[in-house]
Amino acid sequence: MRILAIETSCDETAAALVTRDKEASFVTIEKSVVASQVDLHKKYGGVYPEVASREHIRTLLPVISEALGLVPETGRQLPHFDWRDIDALAVTQGPGLIGSLLIGVQTVATLSYVTKTPLIPVNHLSGHIYASFIQHAPDTAVPRFPLMALVVSGGHTMLVLMRDHHEYELLGQTRDDAAGEAFDKVAKLLGLGYPGGPEIGRMALQGDRHAYDLPIGLEHEKTFDFSFSGLKTAVLRLVQQQSQPLTQEIKANIAASFERAVIEALLFKTSKALDTFAVRHFVIGGGVSANRYLRERFATFLAHRVPSVELFIAPPELCTDNAAVIGASAAFMADKITDPLAVEAFARFPLVTRG
Ligand code: KG4
Ligand code: ZN
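Using this note's numbering, read the sequence shown as starting at 11 and increasing by one per residue.
In structure tokens form, the structure reads like this:
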């Protein structure tokens, strides 16, 4: 099964060609193209929705053409292309910015209608989990069920249990800010650039992780829920308490201590959940899983605490938004073909409601 997937839920315009052989447990990437809008949004210190929509309109067809190999390179003949070589189209239907989502959904619905290629709408959050079902290098393994997944993105933080493909049981989620949102807000407080996650990650490398003791949200609660707003407020107070402008050293210490607090909070609830549910594998997905310190801490934690549970985190470029993961998710839901005239986009679109 060969899928052309499109992702436009936020500020990346992305298209990818992915393949899953019959009955295969993994997906491979033929081509993945991501046009980032980061430079456009930098001056606003965050994603400006109207600007994002306009940029998706401008960029989407060229990005799709590139994914299909239909962009001329010097001295190269364009390959023959036939829509019959594509078995399905996949598109992110939500959650995300509604204007951005609508452009992807309408474009793909039109392609589906005109070319009669089946259309599979995909939940963006499922894509972050299915990043781990991509065989990104020869012979790399993919997770098996039952598995537990931690999704840590700019808009979401949640723990889910999966007993089979696309069967999600919500264990816990954030009650306020998402982990990525906390990174972005703290980066702003420290006067670092956008997006904040990678900036904090770089800054933290030079800092002392124990310079400040920052709070872990819902530490004394029995649930697997998260909370990051108290942490953000604690950093705000810390910044306000400084009697002089923040030096690089103070910034680095705050970034490092903040990063430690976020990861401790994620590890704490993960540890409780793994004590409660027996799983084979643990998957982490979403932009924050590109974070180096998170990757190191989770690898060490699982190896020592629960060595029987193997950890899966996709390579960093598959953790942040891209279309290959949307294709990977669609590759395991071939039965979810939807009428292109009826497909909708949803700004709020839970992967699963608490059950
Ligand atoms: O999954 P994603 O690309 O988009 C959403 O679905 O939201 O996640 C974006 C979030 C942003 O908050 C960004 O700051 C964060 O992921 N992020 C990181 C890193 N790279 C991206 N956070 C920490 N460390 C990183 N290296
Ligand atoms: Zn995302």
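Glycine included, every Cβ here is placed at the ideal spot set by N, Cα and C.
This structure is a prediction, so every number in the text was calculated from the model and none was measured.
For S239, no beta strand (DSSP E) segment is defined; the enclosing uninterrupted segment is the alpha helix (DSSP H) at S239 to Q251. In terms of CA proximity to T127, A100 leads the group A100, H146 and A147.
In the three-state reduction of the DSSP assignment, A344 falls in the coil class. Unbroken beta strand (DSSP E) runs of no fewer than 3 residues, entirely contained in the stretch 277-342, are found at 291-295 and 320-323, following chain order. Segment contact: the stretch 288-296 against the stretch 319-327, three or more CB-CB distances shorter than 8 Å; contact assigned.
Per DSSP, K41 is one residue of the beta strand (DSSP E) stretching across T38 to S46. A189 sits in a helix when the DSSP states are folded into three classes. In this structure, L169 places its C-beta atom within 7 Å of the C-beta atom of L160.
Look at N263: its beta carbon is at least 6 Å from all of the heavy atoms in the ligand KG4. The continuous beta strand (DSSP E) containing M172 extends over residues T167 to D174. In the assembly as shown, Q47 is a buried residue. Its beta-carbon has 16 or more other beta-carbons within 10 Å. Under the three-pair Cβ rule at 8 Å, the stretch 329-339 counts as touching the stretch 18-30.
Counting only runs of 4+ residues, the alpha helix (DSSP H) found wholly inside the stretch 72-138 occupies 108-125, in chain order. Those residues placing their Cβ nearer than 5 Å to any heavy atom of the ligand ZN are, following chain order, S163 and D331. Distance from the CA of L129 to the CA of T69, rounded to the nearest whole angstrom, comes to 21 Å.
The alpha-carbon separation between A266 and D285 amounts to approximately 28 Å. Rounded to the nearest angstrom, the gap between the Cα atoms of R270 and A98 is 42 Å. Between the ligand KG4 and the CB of V298, the shortest heavy atom gap is smaller than 6 Å. K261 sits close to L200, with the two beta carbons spaced by under 7 Å. Under DSSP, Q183 forms a beta bridge with M168. A straight-line Cα-Cα distance of about 15 Å links V73 and I13. Residues of the same chain with a CB within less than 7 Å of the CB of G106, apart from the 5 flanking positions on each side, are S19, C20, H134 and A357 in chain order.
Distances taken from the Cβ of P360 to the heavy atoms of the ligand KG4 include none shorter than 6 Å. For the 7 Å CB-CB criterion, F278 and F143 do not form a contact.
Counting along the chain, the unbroken alpha helix (DSSP H) around I210 starts and ends at G206 to A214. Cβ neighbours of S339 within its own chain (closer than 7 Å, five residues either side excluded): V132, S136, G137 and Y140. If the five residues before and after S110 are omitted, its C-beta is found closer than 8 Å to the C-beta atoms of T18, S19, C20, D21, P59, A62, S63 and H66, all from its own chain and listed in chain order.
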